[in-house]
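Residue numbers for the sequence shown follow the working numbering, beginning at 12 and rising by one.
No residue lacks a Cβ here, since even glycine has one placed at the ideal position from N, Cα and C.
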Amino acid sequence: MSTTGEILSVLLLASSLGLMMFGFGVAFSLAAIGLLFAGIGSALGVFDLLLLGILPSRYFSIMQNEVLVAVPLFIFMGTVLERSGIAEELLETAGRLFGRVRGGVAVSVVVVGAVFAASTGIVGAAVVTMGLISLPLMLRVGYDPRVATGTICASATLAQIIPPSTVLIFMGDMLQTANSQAQLARGNMAPDPVSVGDLFFGALIPGLLLTACYIVWLLVLGWRRGDLCPALPAEEAQSDGLLARALLALLPPLILVVAVLGSILGGIATATESASVGAVGAMALAAARGKLNREMLSGVTQTTARLTAMAFLLLFGAAMFILVFRGLGGDVLVSELLHALPGGMHAALAVVMLIVFVLGFFLDPFEIIFIIVPIAGPVLITLGADPLWLGVLIALNLQTSFLTPPFGFSLFYLRSVAPPEVTTQHIYRGIVPFVAIQLLIIALVWKLPQIATQLPKLLYAN
12 MSTTGEILSV LLLASSLGLM MFGFGVAFSL AAIGLLFAGI GSALGVFDLL
62 LLGILPSRYF SIMQNEVLVA VPLFIFMGTV LERSGIAEEL LETAGRLFGR
112 VRGGVAVSVV VVGAVFAAST GIVGAAVVTM GLISLPLMLR VGYDPRVATG
162 TICASATLAQ IIPPSTVLIF MGDMLQTANS QAQLARGNMA PDPVSVGDLF
212 FGALIPGLLL TACYIVWLLV LGWRRGDLCP ALPAEEAQSD GLLARALLAL
262 LPPLILVVAV LGSILGGIAT ATESASVGAV GAMALAAARG KLNREMLSGV
312 TQTTARLTAM AFLLLFGAAM FILVFRGLGG DVLVSELLHA LPGGMHAALA
362 VVMLIVFVLG FFLDPFEIIF IIVPIAGPVL ITLGADPLWL GVLIALNLQT
412 SFLTPPFGFS LFYLRSVAPP EVTTQHIYRG IVPFVAIQLL IIALVWKLPQ
462 IATQLPKLLY AN
């Protein structure tokens, strides 16, 4: 591959990232800059325009991909649950249940965030819902705004890593392609598949471990600095039949999660089919609460269509970008650079993870995975990275992108619903210990890959 093509591929990557950081529409920026550099490369004789003829078949393949059908179904399920009032009831009862302990209200937010994450998989919905309900309560009780906002933002991002998650669905599909490319390069013509179900169960233990670490941190903070996260007043923390109410609020979403993940585990359904189980189950829960009506369904379907269209439009733009990047020889350049690093696979992975972390300051997780995973994934797997372990590590890393300033989306979602006395500075400072915890979990999973790989192996051993 010519040096000119490699230089153009670097300029292509830098230009696309620059456009996205300046706020231009990502899907259109990726497609437009890719098309522009295809023309420049053709004029310089380093890109064959016939390669663009592959795009229609790629787009058609994306639309035919049964795995990606799960995306709108899980979005639909999460939106129905968000509007059914389940989260509100959970937050109220859990807050009172744990409220007698210093830091207990924050612990309840984490617990509900984990349950809500497993039920919806949508970070934005979780942040807004918990921000509207929990933040006023925490401030009224006397919580420091930094502790309150940090807890809400971090808890909501659990929807990124605890399955089902729309990011994990796209990640699983891309890792399957990357693994196939890497294994073919090794001469393995029949590679073991990497399914979305594998990634779901691979991310489950790290997600629960992260939840537990959040809770431990808040309890320690309450023990050491009770003034920052005081207990509820006695008259609010006690209520007859509170435990029963909490169980009644908790059981429906848990049953739905068990039905979704259990259908995959039991081999009854694929990830896509289990998503339909979740969508129907969510409507059943909404109907049982008297929330299911034509107006609600109309709003849910519009939200689902809008979010799904945004995700797939981004995927189409990324397909153009990746095609031109590879046509210019960018993938060969990346492979050579990563292979040349002293330290082998772990050094190459460290570089990629650092790039992902930095990009998380500016870009949405979808934007990052659609660019980084197709480029770096095959190289890292060729170097010896387990694709499942790699996917969980990147997913954990991407979770920090919702929390890292200046453009962490979780921070902006909360800022939009926070009262005026809560400043952006409060939010930025509040997430610092939670980002530190996430980096600790990333390091732990990196050091002990079995945290991510053992559960899928055990579940599918037979």
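- For D209, the uninterrupted alpha helix (DSSP H) segment begins and ends at V207 to R235.
- Taking C-beta atoms as the reference points, V116 and S166 fail to come closer than 8 Å.
- About 6 Å separates the CB atoms of L414 and C164; that is less than 8 Å, so the two are in contact.
- Here the alpha carbons of I44 and F332 stand approximately 7 Å from one another.
- For Y424, the uninterrupted alpha helix (DSSP H) segment begins and ends at F420 to V428.
- For T14, the number of other beta carbons within 10 angstroms of its own is below 16, and it is reported as exposed.
- In this structure, the CA atom of L349 is about 24 Å from the CA atom of P204.
- One alpha carbon belongs to T312, the other to F87, and they sit about 7 Å apart.
- G135 and Y439 do not touch by the CB rule: their CB atoms are close to 19 Å apart, not below 8 Å.
- L422 places its beta carbon less than 8 Å from that of I442.
- In this structure, G402 sits away from L79, with a CB-CB distance that is not shorter than 8 Å.
- Spanning the alpha carbons of P244 and P385 requires a straight line of approximately 53 Å.
- Annotation: the continuous alpha helix (DSSP H) that includes P398 extends over P398 to S412.
- Annotation for G52: the continuous alpha helix (DSSP H) segment containing it runs V37 to A54.
- Taking all protein chains in view, the Cβ of A454 is surrounded by fewer than 16 other Cβ atoms within 10 Å, so the residue is classified as exposed.
- Using a Cβ-Cβ distance cut-off of 8 Å, the region 188-199 and the region 99-113 are not in contact, since fewer than three pairs of beta carbons, one from each stretch, lie closer than that value.
- One Cα belongs to F33, the other to Q436, and the distance between them is close to 22 Å.
- Cβ contact annotation for L318 (same chain, cutoff 6 Å, sequence separation greater than five): I86, in chain order.
- By the criterion of a C-beta distance shorter than 7 Å, M294 is surrounded in its chain by V91 and L303, once the five residues flanking it on both sides are discounted.
- CA-CA distance, L146 to L296, rounds to 26 Å.
- If you keep only unbroken alpha helix (DSSP H) runs of at least 4 residues inside the region 82-164, you get 97-109, 115-131 and 134-152.
- In the structure shown, R300 falls within a coil segment according to DSSP collapsed to helix, strand and coil.
- E347 is classed as exposed because its beta carbon has fewer than 16 other beta carbons within 10 Å across all chains shown.
- Put simply, the backbone Cα of G89 is about 13 Å away from that of I173.
- For N76, there is no enclosing alpha helix (DSSP H), since its DSSP letter is neither H nor E.
- DSSP places I442 in no alpha helix (DSSP H); its state is neither H nor E.
- Under the three-state reduction of DSSP, I173 is assigned to coil, being neither helix nor strand.
- Apart from sequence neighbours up to five positions away, the residues of its chain that approach L41 with a beta-carbon distance below 7 Å are S27, G328, A329, M331 and F332, ordered along the chain.
- About 6 Å separates the Cβ atoms of A270 and G292, confirming a contact at the 8 Å cut-off.
- Using a Cβ-Cβ distance cut-off of 8 Å, the region 391-402 and the region 206-223 are in contact, since at least three pairs of beta carbons, one from each stretch, lie closer than that value.
- Taking the C-beta atoms as reference points, G16 is found nearer than 8 Å to G52.
- Taking the CA atoms as reference points, R236 sits about 23 Å from L450.
- Counting other Cβ atoms within 10 Å of its Cβ, W234 stays below 16 and is therefore classed as exposed.
- A Cβ-Cβ distance of about 29 Å is found for the pair L259 and V158, leaving them out of contact under the 8 Å criterion.
- V57 carries a coil assignment under DSSP once its states are collapsed to helix, strand and coil.
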